[in-house]
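**Q** FYI, UniProt numbering numbers position 54 of the sequence shown as 54, with every residue one higher than the one before it. Structure provided below as structure tokens; questions to follow.
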Amino acid sequence: HPLGGGREVWFGFHQSVRPAMWNMMLNIDVSATAFYRAQPIIEFMCEVLDIQNINEQTKPLTDSQRVKFTKEIRGLKVEVTHCGQMKRKYRVCNVTRRPASHQTFPLQLENGQAMECTVAQYFKQKYSLQLKYPHLPCLQVGQEQKHTYLPLEVCNIVAGQRCIKKLTDNQTSTMIKATARSAPDRQEEISRL
């Protein structure tokens, strides 16, 4: 059940053993909670910022868009897609102010020296990857002082991440509609477990 804003409802159950008079009881109940949908970061950003067509977004994000996107993505785990089967995972700590075409970092050269390199240049040289959206910001991942920047288009949200941030009113309403069950339906659902 999609909730919008890159979130969806996952259904499950919880159980506990409780002491009762002269014996133990097994208590089982169904539950539902919001999770982030596993999807490309570009799609997630479009959902969060209500961008209908990413190809029409030819300018960098505005400050307010970047702040809103940062609030949603900070702390989430992402996996990279540009290294073939090696899907390395990172935790997002920030979203850059500058687009990938202007975001620089100190690149260590073989002779031990460092030179400033943009993220877009680095991905073109190292991976032969011409960025499709160089005007969009990068995700800063890992520790802030390490300057690890990833273009949005090479990242996916890792599956199975519970959403602990507050849902919007629309998301809450959708969640209630998706999870509302009559007592007999709920009992039948529990007995099927």
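We put the beta carbon where it would ideally sit given N, CA and C, even for glycine.
#1: At the level of alpha carbons, what is the spacing between P60 and A180?
#2: Among the residues of its own chain, which have a CB less than 7 Å from the CB of L109, if the five just before and after it don't count?
#3: Considering just the uninterrupted stretch of the beta strand (DSSP E) at I157, what are its terminal residues?
#4: When we look at the beta-carbon of M175 and count the other beta-carbons within 10 Å, is it buried (16 or more) or exposed?
#5: Skipping 5 residues on each side, what residues in its chain have a beta carbon closer than 7 Å to that of Y36?
#6: Just the C-alpha distance for K132 and Q15, rounded to the nearest angstrom, thanks.
#7: Are F69 and V95 close, meaning C-beta to C-beta below 8 Å?
#8: Expressed to the nearest angstrom, what Euclidean distance is found between the alpha-carbon atoms of A159 and T58?
#9: Below 6 Å CB to CB, which residues in the same chain sit around C93 once its five sequence neighbours on both sides are set aside?
#10: Which one or two residues does DSSP pair with W10 in a beta bridge?
**A** If we stick to the structure as given:
#1: Counting from 1 along the sequence shown, the entry for residue 60 is found at position 60. Counting from 1 along the sequence shown, the entry for residue 180 is found at position 180. Here the C-alpha atom of P60 lies approximately 41 Å from the C-alpha atom of A180.
#2: Within the sequence shown, the letter at position 109 stands for residue 109. Cβ within range, chain order: M115.
#3: Against the sequence shown, residue 157 aligns to sequence position 157. Per DSSP, I157 is one residue of the beta strand (DSSP E) stretching across C155 to I157.
#4: Locating residue 175 in the sequence shown gives position 175, counting from the first residue. M175 is buried by the Cβ-count criterion.
#5: Along the sequence shown, one-based indexing puts residue 36 at 36. In its chain, beyond the 5 residues on either side, G6, R7, L76, I157, Q161 and C163 have a beta carbon closer than 7 Å to the beta carbon of Y36.
#6: On the sequence shown, position 132 is the one that residue 132 refers to. On the sequence shown, position 15 is the one that residue 15 refers to. Rounded to whole angstroms, the gap between the alpha carbons of K132 and Q15 is 48 Å.
#7: Taking the sequence shown and counting its residues from 1, one reaches residue 69 at position 69. Taking the sequence shown and counting its residues from 1, one reaches residue 95 at position 95. Less than 8 Å divides the Cβ of F69 from the Cβ of V95.
#8: Start at 1 with the first residue of the sequence shown, and residue 159 comes out as number 159. Start at 1 with the first residue of the sequence shown, and residue 58 comes out as number 58. Rounded to whole angstroms, A159 to T58 spans 29 Å at the Cα level.
#9: Here residue 93 corresponds to residue number 93 of the sequence shown, with the count starting at 1. Take C93, set aside five residues on each side of it, and the residues of its chain with a beta-carbon closer than 6 Å to its own are Q140 and E144, in chain order.
#10: Within the sequence shown, residue 10 is the residue found at index 10, counting from 1. Answer by DSSP bridge pairing, in chain order: T33.
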